[in-house]
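Reviewing the structure listed below.
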Amino acid sequence: MVFEKKKRYTVDPGYEFVEDFVKDLPHIFESEGTSIYKGRNEIKVFDYEGVKLNVKSFKIPNFINKLAYAWLRGSKAKHSYEYGIEILRRGANTPEPIAFVETLKKALFNRSYYVSVHHQYDFTVRDLIGFEFPDKENILKQFAIYTYSKLHKMGIHHLDYSRGNVLVTRLENGKYDFSIVDINRLRFEKIDYLKGLKNFAQLWASKYELEIIAKQYAQLNNQDENVAVKLLLQFDKKHKDKIYRKHKFKALIKGKK
Numbered sequence: 005m006v007f008e009k010k011k012r013y014t015v016d017p018g019y020e021f022v023e024d025f026v027k028d029l030p031h032i033f034e035s036e037g038t039s040i041y042k043g044r045n046e047i048k049v050f051d052y053e054g055v056k057l058n059v060k061s062f063k064i065p066n067f068i069n070k071l072a073y074a075w076l077r078g079s080k081a082k083h084s085y086e087y088g089i090e091i092l093r094r095g096a097n098t099p100e101p102i103a104f105v106e107t108l109k110k111a112l113f114n115r116s117y118y119v120s121v122h123h124q125y126d127f128t129v130r131d132l133i134g135f136e137f138p139d140k141e142n143i144l145k146q147f148a149i150y151t152y153s154k155l156h157k158m159g160i161h162h163l164d165y166s167r168g169n170v171l172v173t174r175l176e177n178g179k180y181d182f183s184i185v186d187i188n189r190l191r192f193e194k195i196d197y198l199k200g201l202k203n204f205a206q207l208w209a210s211k212y213e214l215e216i217i218a219k220q221y222a223q224l225n226n227q228d229e230n231v232a233v234k235l236l237l238q239f240d241k242k243h244k245d246k247i248y249r250k251h252k253f254k255a256l257i258k259g260k261k
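Sequential numbering from 5 applies to the sequence shown in the numbering used here.
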């Protein structure tokens, strides 16, 4: 990692030619690039030296995390970079990590940026969950297989396994390729059958969609399909109830202000 007075950064040795771009990111991000997502964080695409770069700018954290990210633990951008390297090493897919930048302001953490190769894909799991979609059952089965063989068996536990965080690319002969993004919340750990099945509860899918996934995942684990469906539906309900309570509490707090 390179340390400077108001920022620190790391660039992958294979992409040293983007170092000047990486160093300038805190100054150019707001005014340059093409925004493809804007919410709590923002994602932009940049063309640099013939390479399409995907840059995620993380929001400025609260005061406690300003202290923690500055001196105690890695930022979301740093985790994204390091986790991305480990994901690829374990044989799963994620956009190739290039660099991360952390900025400081008055000795406190300010903002961070994660840079990866821009990944071309056809759709996300978000585009088929809850909608009529060509070859949907086949895609969901292959998604379950991918999750089991490329993530769970390899000890990759995506803690935010929501439908927008899985990119899908069409291949030939009814085959699909999957890649995970938004990887700053991740654990590398042993994943047993129940923990793996529970991972799908974050998809916010319908009963029909969850049944397809649960049955395929059960087959891969040599488990009873009907029991798997029952369990995943329970996990799904518990997850949805938790989100509903959270939103209700936020609305209540907002109403009191």
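Note that the Cβ used here is the ideal one computed from N, Cα and C, for glycine as well.
- Under DSSP, Phe-192 takes part in a beta bridge, and its partners are Ile-160.
- Measuring C-alpha to C-alpha distances from Tyr-13 to each of Tyr-85, Asp-186, Ile-257 and Pro-99 identifies Tyr-85 as the nearest.
- Out of Lys-10, Ala-74, Phe-21 and Glu-193, the CA that lies nearest to the CA of Leu-163 is found in Glu-193.
- Taking the Cα of Asn-177 as reference, the smallest distance to any Cα among Asp-139, Leu-155, Tyr-41 and Tyr-197 is reached at Asp-139.
- C-alpha of Thr-38 to C-alpha of Phe-50: approximately 7 Å in a straight line.
- Around the Cβ of Leu-198, a 10 Å sphere holds fewer than 16 other Cβ atoms; the residue is exposed.
- Assigned with DSSP and collapsed to three states, Ala-205 falls in helix.
- In this structure, the CA atom of Lys-157 is about 28 Å from the CA atom of Ile-247.
- Excluding its 5 nearest sequence neighbours in each direction, Leu-108 has C-beta neighbours in its own chain below 7 Å: Lys-10, Lys-11, Ala-74 and Asn-114, listed in chain order.
- In the structure shown, the three-state DSSP call for Asp-181 is strand.
- CA-to-CA, the gap between Gly-159 and Val-185 works out to about 16 Å.
- When beta bridges are read from the DSSP output, Arg-174 appears opposite Tyr-180.
- Under the DSSP assignment, Ile-133 falls outside any alpha helix (DSSP H); it carries neither an H nor an E label.
- In the same chain as Ile-195, and ignoring 5 residues on each side of it, the C-beta atoms closer than 7 Å to its own belong to His-156, Gly-159 and His-161, in chain order.
- In the DSSP annotation of this structure, Leu-76 is not part of any beta strand (DSSP E), being labelled neither H nor E.
- Spanning the alpha carbons of Asp-245 and Ile-217 requires a straight line of approximately 21 Å.
- In the three-state DSSP reduction, Asn-169 falls in the helix class (H, G or I).
- With fewer than three CB-CB distances shorter than 8 Å, the region 136-151 does not count as touching the region 41-58.
- Beta-bridge pairing by DSSP links Leu-144 to no other residue.
- Val-22 is bridged by DSSP to nothing; it lacks a bridge partner.
- About 4 Å separates the beta carbons of Gln-220 and Ala-148, which is inside the 8 Å limit, making them a contact pair.
- In this structure Ser-183 touches His-123 by the C-beta definition: roughly 6 Å separates them, less than 8 Å.
- Asp-126 is positioned such that its CB atom lies closer than 8 Å to that of Val-172.
- Judged by DSSP in its simplified three-state form, Ser-153 adopts helix.
- DSSP, read as helix, strand or coil, puts Pro-17 in helix.
- Under the DSSP definition of a beta bridge, Asp-51 partners with Lys-56.
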